[in-house]
Amino acid sequence: MNTSSATAQTNVIQAFRERVLNVLLLVAFVVAVPLAISNAYRAAQTGLILQAGVYIGSALFVGVLLLLRRVPHTYAFRAVGLVFMLYMVAVVVYLSTGLEGDGRIWLFGAMAIGVLLLPQPYNFLNVFAAIGVHFALGYGFSHGILPPPPNAYLVDSLQATAWRRTGFTLLGVAAAVLSAVGVYRRHLENVLEESQALNVVLEEERRRLESQSKILQRRVEQIHTASEIMRIINTILDPEELLQQVVDLVRERFNLYYVGIFLVDERGEYAVLRAGTGEAGRKMLAEGHRLAIGGTSMIGWCISNRQPRIAMDVGDEPVRFANPHLPLTRTELALPIISRGEVLGAMTVQSEKPQAFDQDDLLVLQNIVDSVATALQNARLYQEAQRGLRELAASRRQTLFQAAQHLNKETLEVSVGDDNGHSPEESPTLHILKVPITLYDAPIGEITLESDHPWTDEEREFATQVGAQIAVALENLYLAEEHRRIAEENRVISQVTEQVSATLDLDTVIQTAVTELREILNLTEAEIRLTVPEAAE
295 MNTSSATAQT NVIQAFRERV LNVLLLVAFV VAVPLAISNA YRAAQTGLIL QAGVYIGSAL
355 FVGVLLLLRR VPHTYAFRAV GLVFMLYMVA VVVYLSTGLE GDGRIWLFGA MAIGVLLLPQ
415 PYNFLNVFAA IGVHFALGYG FSHGILPPPP NAYLVDSLQA TAWRRTGFTL LGVAAAVLSA
475 VGVYRRHLEN VLEESQALNV VLEEERRRLE SQSKILQRRV EQIHTASEIM RIINTILDPE
535 ELLQQVVDLV RERFNLYYVG IFLVDERGEY AVLRAGTGEA GRKMLAEGHR LAIGGTSMIG
595 WCISNRQPRI AMDVGDEPVR FANPHLPLTR TELALPIISR GEVLGAMTVQ SEKPQAFDQD
655 DLLVLQNIVD SVATALQNAR LYQEAQRGLR ELAASRRQTL FQAAQHLNKE TLEVSVGDDN
715 GHSPEESPTL HILKVPITLY DAPIGEITLE SDHPWTDEER EFATQVGAQI AVALENLYLA
775 EEHRRIAEEN RVISQVTEQV SATLDLDTVI QTAVTELREI LNLTEAEIRL TVPEAAE
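Numbering (our numbering), first residue to last: 295 to 831.
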């Protein structure tokens, strides 16, 4: 049992004794006042003025001891005072009534109260002292040292044998009763000690469970936060927005001092800061902050060695860049961002507290970083795919427009309905609806509809769908025209090639080519010139 547990048990027993003392003083005061008045009155009538005074003084003394319960650290004085008061009453009663009075009862009460209230070994000494007082008074009366009691019929008070007989009787009764009381007291104290020891164990277990519960709750919150962060970043396809969201969320949810993400540059020489939190992050981004890979920084070492690095106390870390923008950093953690075996960069996580991270924090943050690597790779692939689609769409749009130019040499306009000879602007009663016809986000025409009633949402939606179908039909028409044109060009090329390949004579080849080109392309004149290469010197 440790010192604190023993002290706690002692305090419990002492508190129990104080409660018992307070109850005894309260009962003694309630009983002593009328009893003292009655006994004092009877003693005064028989001429026992000293005994009457002792009764009144004892009642007042009990009242004083009861009032002292509100004063701390007065237990010993009050307990000893109560026992001493019982001794005084017993002695006065012995002196007044001799052996036949109530002295033995008061003396027995002093022994019983001592067994209950006084700690060992003082309770045993109190029993021997009470028996000693009885025999001492008997010796005094029997040998004429003390004056005999005023009552003449109390002749036994002058006989030593009577005092010895009653003394041993008192000793036997006291030994039996007080031993039982002592056994109960020791048993009760043992129960209190065991109860307190159990309370101490339960309290320690409660604190341990609370500590484990807090750790578990922190882990659950971290896992939940990591899942939420991963869910958010997986919905972002813009790399710059993705990185800034990650650092802001990690710093906010994990209550950190600073979080930053570095990406490896194209040459693989530097880790360039791409996102940072707070004012320090904004300043470093504006300065183009970067760290050499494999240099004397935790980020550079982390990227070069492809593994995390943690500094529980940055003052003792030999491989670290002391950033002037982050003077309060005490703990720093660098985590590599790796996707499909390629190191994309690293994330730095910093705290103002020493020893801020443990192995579980490392695992949770590494999972977030792995999700960042995947999301970053997906964002890059998405951007490349979008760029390819834009290039493909631009190429196809250009092809369609070229086909449209071959198909439509002038604007095509078709109208259906009554021709009243007026324009929509001149007919305020007509309701005009214009639906654009777009192809790859480029306007290629317009549908104009007139009605004598307002257009409903369903009608507008129907007209829009019609415009979309017209755009699809025109696209198919333009593509068919482009295919026809390409097929015609291929046919002409094939025809010219066939005519030219029919002879091996140079003049005939040239003449045939010129003739075929003039006839096929409907030209007025065609000419082919050959340049003789200069001889090498």
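All residues carry an ideal CB built from backbone N, CA and C; glycine is no exception.
All figures in this text were calculated on a predicted structure; none of them were measured in a lab.
Here the alpha carbons of Val377 and Ala370 stand approximately 11 angstroms from one another. For the 7 angstroms CB-CB criterion, Ile726 and Glu744 form a contact. Sequence-distant partners of Ser591 (beyond 5 residues in either direction) whose C-beta falls short of 6 angstroms from its own C-beta, in its chain, are Leu585 and Phe615. When DSSP reads this structure, Pro602 sits in no beta bridge, so it has no partner. Rounded to whole angstroms, the Cβ separation of Leu440 and Leu389 is 7 angstroms, and the two are in contact under 8 angstroms. Three or more Cβ pairs closer than 8 angstroms define a contact, and the segment 658 to 675 meets that threshold against the segment 514 to 526. Taking the Cα positions, Glu752 is about 22 angstroms away from Gly739. Judged by their CB atoms, Trp400 and Ala424 are not nearer to each other than the 7 angstroms cut-off. Distances from the alpha-carbon of Val643 to those of Ala322, Leu543, Leu670 and Val421 put Leu543 closest. Closest in alpha carbon position to Pro648, among Glu611, Leu638 and Gln671, is Glu611.
Counting along the chain, Tyr564 sits inside the beta strand (DSSP E) bounded by residues Tyr564 to Gly570. Looking at the backbone, the Cα of Gln671 and that of Arg823 are separated by about 57 angstroms. When DSSP states are grouped into helix, strand and coil, Tyr551 belongs to the coil group. Using a Cβ-Cβ distance cut-off of 8 angstroms, the segment 626 to 636 and the segment 572 to 584 are not in contact, since fewer than three pairs of beta carbons, one from each stretch, lie closer than that value.
Scanning its chain for C-beta atoms nearer than 7 angstroms, with the 5 sequence neighbours on each side dropped, one finds around Leu342 the residues Ser390, in chain order. About 14 angstroms separates the CB atoms of Ala373 and Leu320; that is not less than 8 angstroms, and the two are not in contact. Asp655 is classed as buried because its beta carbon has at least 16 other beta carbons within 10 Å across all chains shown.
Judged by DSSP in its simplified three-state form, Glu488 adopts helix.
Scanning its chain for C-beta atoms nearer than 6 angstroms, with the 5 sequence neighbours on each side dropped, one finds no residue around Gly562.
Looking at the DSSP output, Gly739 bridges to Ile731. In this structure Ala404 touches Leu380 by the C-beta definition: roughly 4 angstroms separates them, less than 8 angstroms.
DSSP places Gln763 in the helix class (H, G or I) of the three-state scheme. Excluding five sequence positions before and after Gln538, the CB atoms of its chain that fall closer than 6 angstroms to its own CB belong to Ala569, given in chain order. Between Arg363 and Asn316, the C-beta gap is smaller than 7 angstroms, which places the two residues in contact. In this structure Ala353 is not in contact with Ala346, their Cβ atoms being roughly 11 angstroms apart against a cut-off of 8 angstroms. Going by DSSP, Gly582 is part of no alpha helix (DSSP H) at all; its letter is neither H nor E. Burial check for Val637: the Cβ neighbour count within 10 Å reaches 16 or more, so the residue is buried. Counting along the chain, Gln644 sits inside no alpha helix (DSSP H); it lies in the beta strand (DSSP E) bounded by residues Glu636 to Ser645.
Distances from the alpha-carbon of Pro443 to those of Thr529, Gly397, Gln601 and Phe418 put Gly397 closest.
Straight-line measurement puts the Cα of Thr368 at about 9 angstroms from the Cα of Leu359. According to the DSSP assignment, Leu629 belongs to the beta strand (DSSP E) that extends over Thr625 to Ser633. Non-local beta-carbon contacts of Pro730 in its own chain, meaning distances under 6 angstroms to residues more than five positions away in sequence, involve Pro737 and Glu740 in chain order. Residue Val327 holds the alpha-carbon nearest to the alpha-carbon of Phe355 among Val553, Leu344, Val327 and Phe651. Classified as exposed, Asn784 has fewer than 16 neighbouring CB atoms from the shown chains inside 10 Å of its CB.
For His518, the three-state secondary structure derived from DSSP is helix. Shown here, His725 sits in a strand according to DSSP, grouped into three states.
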